[in-house]
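Asks:
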Amino acid sequence: MADLIDGKALAAEVTGKVSQHAADLIASGITPGLAVVIVGEDPASQVYVASKSKRAKECGFHSVQHTLAEETSEDELVALVEALNADPAIHGILVQLPLPGHIDSGTIIQTIAPEKDVDGFHFINVGKLGTGELDTAFVPCTPAGAMLMLERVRGRDLSGLNAVVVGRSNIVGKPMANLLLAANATVTIAHSRTADLPALARTADILVAAVGRPEMIKGDWVKPGATVIDVGINRVPAPERGEGKSRLVGDVAFDEGAAIAGAITPVPGGVGPMTIAMLMANTLVSACRAAGRQPPAL
Ligand code: GUN
Numbered sequence: 339m340a341d342l343i344d345g346k347a348l349a350a351e352v353t354g355k356v357s358q359h360a361a362d363l364i365a366s367g368i369t370p371g372l373a374v375v376i377v378g379e380d381p382a383s384q385v386y387v388a389s390k391s392k393r394a395k396e397c398g399f400h401s402v403q404h405t406l407a408e409e410t411s412e413d414e415l416v417a418l419v420e421a422l423n424a425d426p427a428i429h430g431i432l433v434q435l436p437l438p439g440h441i442d443s444g445t446i447i448q449t450i451a452p453e454k455d456v457d458g459f460h461f462i463n464v465g466k467l468g469t470g471e472l473d474t475a476f477v478p479c480t481p482a483g484a485m486l487m488l489e490r491v492r493g494r495d496l497s498g499l500n501a502v503v504v505g506r507s508n509i510v511g512k513p514m515a516n517l518l519l520a521a522n523a524t525v526t527i528a529h530s531r532t533a534d535l536p537a538l539a540r541t542a543d544i545l546v547a548a549v550g551r552p553e554m555i556k557g558d559w560v561k562p563g564a565t566v567i568d569v570g571i572n573r574v575p576a577p578e579r580g581e582g583k584s585r586l587v588g589d590v591a592f593d594e595g596a597a598i599a600g601a602i603t604p605v606p607g608g609v610g611p612m613t614i615a616m617l618m619a620n621t622l623v624s625a626c627r628a629a630g631r632q633p634p635a636l
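Here the sequence shown stands for residues 339 to 636, where the numbers follow this note's numbering.
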C-alpha cells in the first residue's frame with residue numbers, strides 16, 4: 339500500500355507559516371490584501387470563492403469579495419479589475435473562472451496587473467514560468483501546491499526521474515510540466531490524442547493526473563513505486579450512500595493506484611486543500627514584493 343500524501347496537513351502547515359509571516363508584515367504596517375471576484379451564481383464557484391475569502395481572513399489578510407450579477411458586462415468587470423489594480427491595499431486579485439459566456443476570460447485575465455496576478459494566469463507570469471524566472475513570477479496555485487506535495491516525497495531535485503503529466507490545460511497541465519522541468523525532471527505531457535496512454539503512464543516515476551475524468555487512470559497504468567499526484571476532483575453519483583447522494587473521486591482509480599504506487603494523493607484531502615493554501619502564499623509574496631521585502635521560503 340502506497341504512502342498517503344496528506345494535503346490537508348500540508349495545507350495547514352503552509353497556511354500556518356503564511357499567517358505567521360503575515361503577522362510580522364502587519365506589525366510593520368503592511369496588511370496583505372486579497373480581492374476575490376465572482377460573476378454569476380454557479381454554486382460550485384460560490385463555495386470555492388467563499389472558502390478563499392474565509393481563509394484569507396483567517397490568515398489575517400485584508401479580504402474583500404466582489405459578488406457580481408450574471409448580467410454584469412465585460413466593460414464593468416474590466417473597470418472593477420482596473421480599480422483593484424490601482425488600489426494599494428490590494429496585493430492579490432483573483433477573478434473566479436469560468437466567467438459567463440458573454441465575458442471573454444482572456445480579456446479579463448490580461449487586464450489584471452501581473453504583479454497582483456496571484457493566479458499566475460497573465461501572459462507575463464506564464465512567460466516567466468516558461469523561462470524559469472520563478473523569483474519574480476506567480477505560479478498557478480494548483481500546480482504550485484502539487485509541487486510542494488511532490489517535494490515531500492521526492493525532494494526538490496527530480497534529476498533522472500520521468501514525469502508524465504496527463505492533461506494539457508493552461509491552469510494545471512502546462513504549468514505543472516514547466517515546474518517539473520524546472521526541477522530537472524524529464525517531462526512528457528499526455529492528453530486525449532496521445533497514443534497508448536497506459537503504456538506511457540507506466541514509464542512515469544511521477545504521474546500527474548489532471549484530466550477531469552473520474553477514475554480514468556487505472557492501477558495497471560501505474561509504475562510500481564511511482565509517486566502519483568491526482569489533481570482531479572470529480573463529483574459522481576453514490577447511490578450506496580442514499581438516493582441522490584454523491585461523492586468526490588479523483589482522476590485515478592484510488593484503491594487500484596494505491597496498491598501499486600509508492601506514494602499517492604487522496605481525493606478529497608489531497609491537492610484540493612493545497613490550492614487555497616498556495617493562493618494565500620502567493621498573496622503574502624505579493625505583499626512582500628510590494629513592500630520591498632524578501633518573501634519567505636515556504
Ligand atoms: N476556477 C477553478 N480553478 C480556478 C483557479 O485556480 N483560479 C480561478 N481564478 N478560477 C478557477
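Heads up, the beta-carbon is just placed ideally off N, CA and C, and yes, glycines get one too.
Assuming I567 is part of the beta strand (DSSP E), what are its boundary residues?
Replies: Note, I567: beta strand (DSSP E), T565 to D568.
Asks: Excluding the 5 residues preceding and the 5 following M554 in the sequence, name in chain order all residues of the same chain whose CB lies nearer than 6 Å to its CB.
Replies: Closer than 6 Å at the Cβ level, and outside the excluded window around M554, lie D589.
Asks: Within 10 angstroms of its Cβ, does A373 collect 16 or more other Cβ (buried), or is it exposed?
Replies: Per the 10 Å Cβ criterion, buried.
Asks: For the beta strand (DSSP E) containing G439, list its first residue and its last residue.
Replies: Where G439 is concerned, there is no enclosing beta strand (DSSP E), given that its DSSP letter is neither H nor E.
Asks: Check this for me: beta carbons of L636 and V352, under 8 Å apart or not?
Replies: Yes.
Asks: Can you give, in chain order, each stretch of the beta strand (DSSP E) that sits fully within the region 463-521 and has at least 3 residues?
Replies: Counting whole runs of 3 or more residues, the region 463-521 contains the beta strand (DSSP E) stretches 500-504.
Asks: Apart from the five residues just before and just after A340, which ones in its own chain have a Cβ nearer than 7 Å to its Cβ?
Replies: If we look at A340 and ignore the five residues flanking it on each side, its Cβ neighbours are A596, A599, G600, A601 and I602.
Asks: With a threshold of 7 Å on Cβ separation, who are the neighbours of T405 within its own chain once the five nearest residues in sequence on each side are excluded?
Replies: Around T405: I376.
Asks: When you compare only the Cα positions, how much space is there between A528 and G610?
Replies: Roughly 22 Å between the two C-alpha positions.
Asks: Can you find the residues in the same chain that come closer than 8 Å, C-beta to C-beta, to P536, ignoring five residues on each side of it along the sequence?
Replies: Once the five neighbours on either side are set aside, the close Cβ partners of P536 are K556, D558 and W559.
Asks: Does the beta-carbon distance from N463 to L496 come in below 8 Å?
Replies: Result no, Cβ atoms of N463 and L496 do not sit closer than 8 Å.
Asks: Report the residue from H460, G498, A520 and N508 whose alpha carbon sits nearest the alpha carbon of T445.
Replies: For the residues H460, G498, A520 and N508, the minimum Cα distance to T445 belongs to H460.
Asks: Kindly indicate the opening and closing residues of the beta strand (DSSP E) around L372.
Replies: Start and end: G371 to V377.
Asks: Taking a contact to mean a Cβ-Cβ separation below 8 Å, would you say I544 touches T526 in this structure?
Replies: No, these two residues do not count as a Cβ contact at 8 Å.
Asks: Using the rule of at least 16 other Cβ atoms within 10 Å of the residue's Cβ for burial, across every protein chain shown, is G630 buried or exposed?
Replies: Flag for G630 reads exposed.
Asks: The ligand GUN and F571: does the residue's C-beta get closer than 7 Å to at least one heavy atom of that ligand?
Replies: Note that residue 571 is Ile in the sequence shown, not Phe. No; taking the cut-off as 7 Å, the Cβ of I571 has no heavy atom of the ligand GUN nearer than that.
Asks: May I ask which residues mark the beginning and end of the beta strand (DSSP E) holding Q403?
Replies: Note, Q403: beta strand (DSSP E), H400 to L406.
Asks: Comparing C-alpha positions only, which one of G465, V387, G582 and T410 sits nearest to N508?
Replies: The option with the nearest alpha carbon to N508 is G465.
Asks: Give every residue of the same chain whose Cβ lies closer than 6 Å to the Cβ of P370, excluding the five residues on either side of it in the sequence, and list them in chain order.
Replies: Hits under 6 Å: A360, F399, H429, T621, L622 and A625.
Asks: To which residues does DSSP link T524 through a beta bridge?
Replies: DSSP output for T524 lists N500 as bridge partner(s).
Asks: Looking only at DSSP bridge pairs, what is G367 linked to?
Replies: None; G367 has no bridge partner.
Asks: Can the beta-carbon of M612 be found closer than 8 Å to that of A349?
Replies: Cβ distance < 8 Å, so M612 and A349 count as in contact.
Asks: Straight-line CA distance for V549 to A417?
Replies: The alpha-carbon atoms of V549 and A417 are separated by roughly 34 Å.
Asks: What ranges does the alpha helix (DSSP H) occupy inside the region 583-618, keeping only unbroken runs of at least 4 residues that lie completely in it?
Replies: If we require 4 residues or more, the alpha helix (DSSP H) runs fully inside the region 583-618 come out as 592-598.
Asks: When you measure from the CB of T621 to every non-hydrogen atom of the ligand GUN, does any distance come out below 7 Å?
Replies: Result no, Cβ not under 7 Å from the ligand GUN.
Asks: Between D455 and the rest of its own chain, which residues show a CB-CB distance below 6 Å, the 5 nearest in sequence each way excluded?
Replies: So the list reads N463 and F476, once near-sequence residues are dropped.
Asks: Can you give me the C-alpha to C-alpha distance between T532 and P481, rounded to a whole angstrom?
Replies: Approximately 22 Å, taken between the alpha carbons.
Asks: Would you report the Cα separation of I447 and V433, rounded to the nearest angstrom?
Replies: Between I447 and V433, the C-alpha separation is close to 8 Å.
Asks: Taking all protein chains shown into account, decide if R579 is buried (16 or more other Cβ within 10 angstroms of its Cβ) or exposed.
Replies: With fewer than 16 other Cβ atoms within 10 Å, it is exposed.
Asks: Taking only heavy atoms of the ligand GUN into account, decide whether any of them is closer than 7 Å to the Cβ of T480.
Replies: The answer is yes for T480.
Asks: Check the DSSP bridge columns for N423 and list the partner residues they point to.
Replies: DSSP, once it has assigned bridges, lists no residue as partnering N423.
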